Amino acid sequence: MEHSYGQAFVNGLWISGQEETRQEFEARVLARQAEIDAEPNELGKRNMEKIEEYENNGFTGKIFIFGRQATKGTEHGKPVVWVDVKLEAYVHSHGRSFNFRTDGYDVDRTGNLRRLMDKLRLVPAKEIPTAAGFCFGLGMFVDPLPADFSEGVVLFAGFPDHPDLAMAFNMRAGTEPDKEGRLERDTAVDAAMPAWQRALMNKLRKGRRAINGIDGEEVAEKWTELNFVHTFAFNWEVSGTRDDVFLPFMHLEMSTGHPVNAGARPGIGFLGEDALIELWDRISSSIRVRPTSATLPARLDAPPPPDLGDTTSAGDVCPETGWWQCQDGGYDASVAGGRRQFLKRGQRMPQALLLHPQTLWEKLRGVQSSYRLANPTVWTLVDRRSEARTTAS
162 MEHSYGQAFV NGLWISGQEE TRQEFEARVL ARQAEIDAEP NELGKRNMEK
212 IEEYENNGFT GKIFIFGRQA TKGTEHGKPV VWVDVKLEAY VHSHGRSFNF
262 RTDGYDVDRT GNLRRLMDKL RLVPAKEIPT AAGFCFGLGM FVDPLPADFS
312 EGVVLFAGFP DHPDLAMAFN MRAGTEPDKE GRLERDTAVD AAMPAWQRAL
362 MNKLRKGRRA INGIDGEEVA EKWTELNFVH TFAFNWEVSG TRDDVFLPFM
412 HLEMSTGHPV NAGARPGIGF LGEDALIELW DRISSSIRVR PTSATLPARL
462 DAPPPPDLGD TTSAGDVCPE TGWWQCQDGG YDASVAGGRR QFLKRGQRMP
512 QALLLHPQTL WEKLRGVQSS YRLANPTVWT LVDRRSEART TAS
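Last residue of the sequence shown: 554 in my numbering, with the numbers rising by one and none dropped.
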């Protein structure tokens with residue numbers, strides 16, 4: 162079974178993650194910056210208002226503030242003007258990038274974005290983090306998060322070889338619970354259903370079901386489609402609470418019969434009724450409050466160190482002490498300090514200074530002409546020594 166995450170949201174901000182190289186990340190951010198700069202805002206002025214550099218917890222990137230707009234209205238009987246902007250942020254660390262965006266954000270609250278970004282940590286692949294916080298796939302926001310923040314994410318799962326079956330787990334915390342629960346809504350839908358349609362449906366389960374101490378409502382149905390194929394729909398839902406992140410709105414759904422081609426008739430599932438019920442019970446029974454520890458593991462405090470052969474670019478923070486090698490220079494130019502240099506973790510990766518071969522006149526004058534390339538120098542980690550090599554005297 163494979164899974165993926167939809168965009169997460171926290172306090173009005175949408176967040177997504179992806180895997181890509183540093184070079185791909187930088188090219189994508191530059192293209193987005195040019196796209197924003199290319200058109201005016203709704204007030205007819207320069208679209209991009211501010212570009213902020215971001216660097217914290219091993220992440221580096223940029224924050225864009227743009228798209229200012231003003232809306233006139235009334236409040237308490239008096240005319241007011243609401244001013245908001247668009248926010249986007251892009252950060253990268255060790256092959257993973259995270260994207261933040263929102264439209265119509267209060268111009269006086271833009272600092273919320275940076276405060277949320279400071280909570281971002283990488284989640285090690287195929288590990289369940291033990292730190293308290295909000296997970297959304299490749300990353301997580303560690304606690305403490307403000308109690309009044311809303312947050313949510315959707316997890317999708319399925320079998321690549323059997324696209325007829327699909328699962329989704331939707332979670333939302335900090336939102337108002339629905340006035341009607343799953344059972345009440347299901348009863349209303351059944352009552353409004355035509356008699357001929359009700360005859361095609363067999364209710365397998367309907368009632369309350371607690372899973373690992375979490376009280377929810379479950380509905381499972383078997384349908385006979387017009388092409389005589391049987392499809393199934395399983396749902397388990399928790400209405401949630403407004404102020405308890407450990408009891409959010411939750412909706413787990415599993416359905417079958419999805420055709421390979423859009424618009425086609427429902428297809429025959431690869432699992433029968435008994436096997437589907439067993440699969441549903443095993444997966445749904447795994448829902449629980451994730452156990453956490455009081456302290457944050459070191460691997461979440463900082464991203465893992467780079468491997469030999471990993472690259473980073475000039476201007477980035479050096480992620481590891483050791484020998485780094487660049488490809489700048491060649492037969493007509495050398496690199497000041499050498500193409501292979503000892504750099505320490507935390508310092509800025511340098512832009513290579515290229516030296517032209519000295520002419521006879523330059524040698525006589527004791528000068529050296531130099532230049533730098535427009536593109537950032539790419540450095541590759543080739544030796545993880547913690548100290549620079551020394552030559553015995």
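Cβ atoms here follow ideal geometry from the backbone N, Cα and C, with glycine treated the same way. None of the values given here were measured: they were computed from a predicted structure.
Any chance the segment 507 to 526 sits against the segment 471 to 481, with 3 or more Cβ pairs inside 8 Å? Yes: the two stretches touch, three or more of their Cβ pairs being nearer than 8 Å.
Give me the DSSP bridge partner(s) of K567. Residue coverage of the chain in this structure runs from 162 to 554, which leaves residue 567 outside it and unanswerable.
List, from N- to C-terminal side, the beta strand (DSSP E) runs of 3 residues or more that fit wholly inside the segment 329 to 410. Assignment of beta strand (DSSP E) within the segment 329 to 410, counting only whole runs of 3 or more residues, yields 362 to 372, 375 to 385 and 391 to 399 in chain order.
Mark F389 as exposed unless 16 or more other C-beta atoms lie within 10 angstroms of its C-beta, in which case mark it buried. In the sequence shown, the residue the question calls residue 389 occupies position 228. F389 is classed as exposed because its beta carbon has fewer than 16 other beta carbons within 10 Å across all chains shown.
How close, in whole Å, do the beta carbons of L504 and W485 come, if the pair is a contact with beta carbons under 8 Å? Here residue 504 is taken as the residue at index 343 of the sequence shown, counted from 1. Here residue 485 is taken as the residue at index 324 of the sequence shown, counted from 1. Between W485 and L504 the Cβ distance is about 5 Å, and since that is below 8 Å, they are a contact.
Just the Cα atoms here: how many angstroms apart are V315 and A169? Indexing the sequence shown from 1 puts residue 315 at position 154. Indexing the sequence shown from 1 puts residue 169 at position 8. Spanning the two alpha carbons is a distance of roughly 7 Å.
Given a cut-off of 8 Å, decide if S258 and G560 are closer than it, judged by their beta-carbon atoms. Nothing about residue 560 can be reported from this structure: the residues present for the chain run from 162 to 554 only.
Which full runs of the alpha helix (DSSP H) of 4+ residues lie inside the segment 269 to 309, going along the chain? Runs of the alpha helix (DSSP H) spanning 4 or more residues and lying entirely within the segment 269 to 309 occur at 272 to 278, in chain order.
Whole-angstrom distance between F261 and E214, CA atom to CA atom: Within the sequence shown, residue 214 is the residue found at index 53, counting from 1. Within the sequence shown, residue 261 is the residue found at index 100, counting from 1. Going by the C-alpha atoms only, they are around 14 Å apart.
On the three-state DSSP scale, how would you describe E214? Counted from its first residue, the sequence shown places residue 214 at position 53. If DSSP states are grouped into helix, strand and coil, E214 belongs with the strands.
Let's test the definition: count the other Cβ atoms within 10 Å of the Cβ of S633 and tell me whether it reaches 16, buried, or not, exposed. Residue coverage of the chain in this structure runs from 162 to 554, which leaves residue 633 outside it and unanswerable.
CB contact check: W384 to chain D, cutoff 8 Å: Of the protein chains in the structure, only one exists, and it is not chain D.
Can you give the Cα-Cα distance for D462 and S531, rounded to whole angstroms? Against the sequence shown, residue 462 aligns to sequence position 301. Against the sequence shown, residue 531 aligns to sequence position 370. Any answer about D462 is weak, because its pLDDT of 45 lies below 50 and its placement is not dependable; what the coordinates show is given next. Cα to Cα, the separation comes out at about 41 Å.
K247 burial status per 10 Å Cβ neighbour count (16 or more: buried): Against the sequence shown, residue 247 aligns to sequence position 86. It counts as buried.
Starting from V190 and walking both ways along the alpha helix (DSSP H), at which residues does that stretch end? Within the sequence shown, the letter at position 29 stands for residue 190. For V190, the uninterrupted alpha helix (DSSP H) run begins and ends at R183 to D198, by DSSP.
Determine the burial state of A459: buried for a count of at least 16 other Cβ atoms within 10 Å of its Cβ, exposed for fewer. Within the sequence shown, residue 459 is the residue found at index 298, counting from 1. Note on A459: pLDDT 42, under 50, position unreliable in the model; no value is reported.
With 16 as the cutoff for other CB atoms within 10 Å, does M590 come out buried or exposed? In the structure as shown, the chain starts at 162 and stops at 554, and residue 590 therefore has no counterpart that could be examined.
Start-end ranges of the beta strand (DSSP E) lying completely within the segment 486 to 529, minimum 3 residues: Here the runs fully enclosed are 501 to 504.
Bridge partners of M415, per DSSP? Your numbering for residue 415 matches position 254 in the sequence shown. Partner(s): M328 and F395.
Take S445 as the anchor and find which of D471, A475, G424 and E414 has the nearest alpha-carbon. Indexing the sequence shown from 1 puts residue 445 at position 284. Here the closest residue by C-alpha is E414.
Looking at the unbroken alpha helix (DSSP H) that takes in R533, where does it start and where does it end? Here the question's residue 533 lines up with position 372 in the sequence shown. Run containing R533: none; DSSP gives neither H nor E here.
Please name the residue or residues paired with E163 in a DSSP beta bridge. Counting from 1 along the sequence shown, the entry for residue 163 is found at position 2. Residue pairing by DSSP places E163 opposite G319 in a beta bridge.
For I444, the first and last residue of its enclosing alpha helix (DSSP H): Locating residue 444 in the sequence shown gives position 283, where the first residue counts as 1. Run containing I444: E434 to S445, per the alpha helix (DSSP H) assignment.
Which residues in the same chain as A558 place their Cβ atom closer than 7 Å to its Cβ, once the five residues preceding and following it in sequence are excluded? This structure gives no information on residue 558, because the portion of the chain shown stretches from 162 to 554.
Output the distance between the C-alpha atoms of N422 and G428, rounded to the nearest integer angstrom. Here residue 422 refers to the residue found at position 261 of the sequence shown. Here residue 428 refers to the residue found at position 267 of the sequence shown. Going by the C-alpha atoms only, they are around 10 Å apart.
If you run the structure through DSSP and keep just helix, strand and coil, what is N422? Residue mapping note: residue 422 aligns to position 261 of the sequence shown, counting from 1. Collapsing the DSSP output to three states places N422 in coil.
Looking at the unbroken beta strand (DSSP E) that takes in T482, where does it start and where does it end? Position 321 of the sequence shown, counting from 1, holds the residue named residue 482. For T482, there is no enclosing beta strand (DSSP E), as DSSP gives it neither H nor E.
Roughly how many angstroms lie between the CA atoms of S416 and K287, to the nearest whole one? In the sequence shown, residue 416 corresponds to position 255, counting from 1. In the sequence shown, residue 287 corresponds to position 126, counting from 1. Each residue's CA atom was taken as its position, placing S416 and K287 some 26 Å apart.
Pick helix, strand or coil for S474, following the three-state DSSP scheme. Residue mapping note: residue 474 aligns to position 313 of the sequence shown, counting from 1. In the structure shown, S474 falls within a strand segment according to DSSP collapsed to helix, strand and coil.
Among E378, H391 and L440, the one whose alpha carbon lies nearest that of M411: The residue you call residue 411 lines up with position 250 of the sequence shown. Taking the Cα of M411 as reference, the smallest distance to any Cα among E378, H391 and L440 is reached at E378.
For T221, name the three-state secondary structure that DSSP assigns. Within the sequence shown, residue 221 is the residue found at index 60, counting from 1. Strand at T221.
In terms of residues, what are the limits of the beta strand (DSSP E) holding N260? Within the sequence shown, residue 260 is the residue found at index 99, counting from 1. If you look at N260, you'll find it in the beta strand (DSSP E) that goes R257 to D267.
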